[in-house]
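Numbering (the numbering used here), first residue to last: -17 to 342.
Remarks on the structure that follows.
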Ligand SMILES: [Zn+2]
């Protein structure tokens, strides 16, 4: 490669980066005006982190006021923006929980799904409607089959947020102040126990509680087995008496029922965990980290509703230099051969490190 070619390549990279920065800035101006951007409550107790080319280039930042925080976001327009789930005495101290001193902590689940069998893409990091559907499906399982059924929470006690990629963040925000206060003071071991219950990790077949019994029995088709198991908490005693075939069938249904959720356990357990700020953009996709009301979740399509509409008004002439999977944004499909793409696709290509050029 000669010097001139190399120079052109670099100029192209700078040009793309400048465009991406411009769009993030444009978004934050709008998002702050419209109050889409989350202002973490008790902001002086929250740690802020951010990144451009990596998810978290920097953390241990804190602000004394909302004003100072918003001014900083506008000036820096980060590609990835995070806040701590914990409220800390010293959010800006470098180190772990003992340095930062945890006062209390928000409760949130992070559903982060992998590609599914039906996925149309070869690249594991790409997305399509099928993996996005799976993420939503898991959000419904967590909410309907656990948080509401087993823990007596109502949909008004939850905050549902699309993560900007293949997942959802489900915050537990009980309206009852006393309950909220109790769970926000749980320590990491209590939170660990909570998530292990949901993942069925401490499920004991000698004593199956009502929640797990209901969930597993829902998946058992054989009426005789269903009736037998529903009459007792000691399932082991019944399963042990079955022939090898039936025994394996029941055990595999139990395993499958337990393995429906892909939850990041660290997000529940880790004292100093950061989570994306609601209303920021996800630097890999350019999609909005967006709060969705429970009643709208069913109809929510990230490839449509999490795309900032202004990003679909500006177009670029491009040349894509590598084979990419196709992507459908706002009902239009883009492929390797696309010559004209909207800013939303530009942000996605940039976030996925795709080799492409903006033509004049
Ligand atoms: Zn997919």
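The C-beta atom is built at its ideal place from N, Cα and C for all residues, glycine as well.
For residue 86, the pairing in a beta bridge is given by DSSP as 69.
With a threshold of 7 angstroms, the Cβ atom of residue 27 does not count as near ligand 1, since no heavy atom of the ligand is closer than that.
For the pair residue 38 and residue 64, the Cα-to-Cα distance works out to about 8 angstroms.
The Cβ neighbour count for residue 281, taken over all protein chains shown within 10 Å, is under 16; the residue is labelled exposed.
With a 10 Å radius around the Cβ and a threshold of 16 neighbouring Cβ atoms, residue 62 comes out buried.
Per DSSP, reduced to three states, the secondary structure at residue 284 is helical. Annotation: the continuous alpha helix (DSSP H) that includes residue 6 extends over -15 to 15. Around the Cβ of residue 157, a 10 Å sphere holds fewer than 16 other Cβ atoms; the residue is exposed.
The Cβ atoms of residue 177 and residue 257 lie no closer than 8 angstroms to each other. DSSP places residue 309 outside any alpha helix (DSSP H); the residue lies instead in the beta strand (DSSP E), whose first and last residues are 309 to 311. Counting along the chain, residue 140 sits inside no alpha helix (DSSP H); it lies in the beta strand (DSSP E) bounded by residues 140 to 144. Considering only 275, 44, 36, 21, the residue with the shortest C-alpha distance to residue 30 is 44. In the DSSP annotation of this structure, residue 316 is not part of any alpha helix (DSSP H); the continuous beta strand (DSSP E) holding it starts and ends at 314 to 316. Using a cutoff of 7 angstroms, the CB of residue 287 does not count as near ligand 1, since none of the ligand's heavy atoms is closer than that. A Cβ-Cβ distance of about 7 angstroms is found for the pair residue 263 and residue 271, placing them in contact under the 8 angstroms criterion. Residue 336 places its beta carbon less than 8 angstroms from that of residue 302. As a beta-bridge residue in DSSP terms, residue 324 pairs with 297.
With distances taken between CA atoms, residue 130 lies nearest to 154 out of 154, 185, 26.
One residue list follows from the rule of a beta carbon closer than 6 angstroms to any heavy atom of ligand 1, given in chain order as 97, 101, 103, 109, 110, 112, 113.
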